[in-house]
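According to my numbering, the stretch in the sequence shown is residues 23 to 287, in order.
Glycine is no exception: its CB is placed at the ideal position from the N, C-alpha and C atoms.
Take a look at the structure set out below.
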Amino acid sequence: MTMPSVEPTLDREATLAALRSTVARFASEEVAPILSEMDEREVFPEATVRRMKELGFFGLPIPEEYGGLGLGKTGYCAVVEELSKVDASHAAILGAHTSLGMTPLYYFGTEEQKQRFLVPAARGEHLMAFSLTEPGSGSDSGALVTSARAEGDCYLLNGEKIYVTNGAEANVVLVLAANDVKLGPRGGITAFLVEKGTRGFTVGRLEKKMGLHGTSTAQLLFQDCAVPKENVLGEVGRGFVVAMTALDVGRLSLGAGSLGGMQGA
Numbered sequence: 023m024t025m026p027s028v029e030p031t032l033d034r035e036a037t038l039a040a041l042r043s044t045v046a047r048f049a050s051e052e053v054a055p056i057l058s059e060m061d062e063r064e065v066f067p068e069a070t071v072r073r074m075k076e077l078g079f080f081g082l083p084i085p086e087e088y089g090g091l092g093l094g095k096t097g098y099c100a101v102v103e104e105l106s107k108v109d110a111s112h113a114a115i116l117g118a119h120t121s122l123g124m125t126p127l128y129y130f131g132t133e134e135q136k137q138r139f140l141v142p143a144a145r146g147e148h149l150m151a152f153s154l155t156e157p158g159s160g161s162d163s164g165a166l167v168t169s170a171r172a173e174g175d176c177y178l179l180n181g182e183k184i185y186v187t188n189g190a191e192a193n194v195v196l197v198l199a200a201n202d203v204k205l206g207p208r209g210g211i212t213a214f215l216v217e218k219g220t221r222g223f224t225v226g227r228l229e230k231k232m233g234l235h236g237t238s239t240a241q242l243l244f245q246d247c248a249v250p251k252e253n254v255l256g257e258v259g260r261g262f263v264v265a266m267t268a269l270d271v272g273r274l275s276l277g278a279g280s281l282g283g284m285q286g287a
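Written as structure tokens, this is what we have:
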């Protein structure tokens, strides 16, 4: 099974139809058979996620110059919809990686950051996650207390994030932290690209959930986590804009996933 090629002679509707057919076959032949065991054991489906990477699902909306398929948000949402007809966990894993991880990196990243982080993410070599929510700030996204203090050529991050989809498996996490608590969303929040294995960055507990048993929903802990200044995504103090952009794209895929779930019910 391979992804449909996007040839100039192929009209958009035909391309999307071929894409949907590929995803539907993958979901029915490879995802459906593992669902019972996945739900019972509540484990991340490594084998089928690896297949999604091989099929190109991880780079759907990203331009080809950065390792993606260049199918835009329409192609991306079509894939999320088809996956969700069979299983929401696989769609959520893809959504957290794409909407919340890669999209802000594409919009706000420097060329060096795109080559270093976006290209391997779009190729499926890296998995991404997004961490905004904290124990004391859920719907009030600007009330962050996870702090970022400049020290030399790094920022030291201290705090706790919760409910991070892909948090236990991600190679790179987009972390929102307060560079100035008093300023809040108006200049006081910065976005950072934090790599797995960075000293001071650990994965805490995994949440027990009523559904989405194939996803990890993790607590992330930061204790004097030294993040290089070149890993700041966008401008210092403009992280709230980065976060809201990611969430806006996430709402598109949530709609697509909800539609697919209803169709598959």
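Query, Result
"For Tyr128, which of Asp109, Tyr88 and Thr96 has the nearest alpha-carbon?", "Tyr88"
"Return helix, strand or coil for Arg260, following the three-state DSSP convention.", "strand"
"Do three or more CB pairs link the region 218–229 to the region 243–251 at distances below 8 Å?", "yes"
"Are there 16 or more other CB atoms within 10 angstroms of the CB of Thr31, so buried, or fewer, so exposed?", "Interpretation of Thr31 is limited by its pLDDT of 44, a score under 50 that renders its predicted location unreliable; no figure is taken from the coordinates."
"Give the straight-line distance between the Cα atoms of Glu103 and Ser153, rounded to the nearest whole angstrom.", "24 Å"
"Excluding five sequence neighbours on each side, which residues of the same chain lie with their C-beta closer than 6 Å to the C-beta of Val271?", "Ser121 and Thr125"
"Any C-beta of chain D sitting closer than 8 Å to the C-beta of Val264?", "As a matter of chain content, chain D is missing from the structure shown, which is built from one protein chain."
"Please return the same chain residues whose Cβ sits closer than 6 Å to the Cβ of Arg208, not counting the five positions on each side in sequence.", "none"
"Considering Cα atoms alone, identify which of Ala114, Leu274, Leu255 and Thr212 is closest to Cys13.", "Past the edges of the chain, shown from 23 to 287, lies residue 13, and the structure says nothing about it."
"Per DSSP, which one or two residues make a beta bridge with Ile211?", "Ala200 and Arg260"
"Between Pro55 and Met150, what straight-line distance do the alpha-carbon atoms span, to the nearest angstrom?", "26 Å"
"Could you tell me the boundaries of the beta strand (DSSP E) in which Val186 lies?", "Cys176 to Thr187"
"Less than 8 Å separating the beta-carbons of Lys218 and Ala192?", "yes"
"Specify, as a first and last residue, the run of the beta strand (DSSP E) that Met150 falls within.", "Met150 to Ser153"
"Go ahead and pull the three-state DSSP assignment for Val45.", "helix"
"Quick one: residues in its chain with C-beta nearer than 7 Å to the C-beta of Glu64, no 5 flanking neighbours on either side, listed in chain order?", "His235"
"To the nearest angstrom, how far is the alpha carbon of Gly206 from that of Leu166?", "7 Å"
"Please tell me whether Asp175 and Lys75 are closer than 8 Å, where the distance is taken between their beta carbons.", "no"
"Compare the beta carbon distance of Ala113 and Gly279 with 8 Å and say whether it is the shorter of the two.", "yes"
"Go ahead and pull the three-state DSSP assignment for Phe139.", "helix"
"So, with DSSP's three-state summary, where would you put Ser169?", "strand"
"Just checking my contact of Leu82 with Leu91 at CB under 8 Å: how many whole Å lie between their CB atoms?", "5 Å"
"Starting from Pro126, follow the alpha helix (DSSP H) in both directions and report where the run begins and ends.", "Thr125 to Phe130"
"Name the DSSP beta bridge partners of Cys247, please?", "Leu179"
"Assuming contact is defined by CB atoms lying nearer than 8 Å, are Val101 and Val53 in contact in what I supplied?", "no"
"Taking the beta carbon of Glu257 as the centre, do at least 16 other beta carbons fall within 10 Å, making it buried, or is it exposed?", "exposed"
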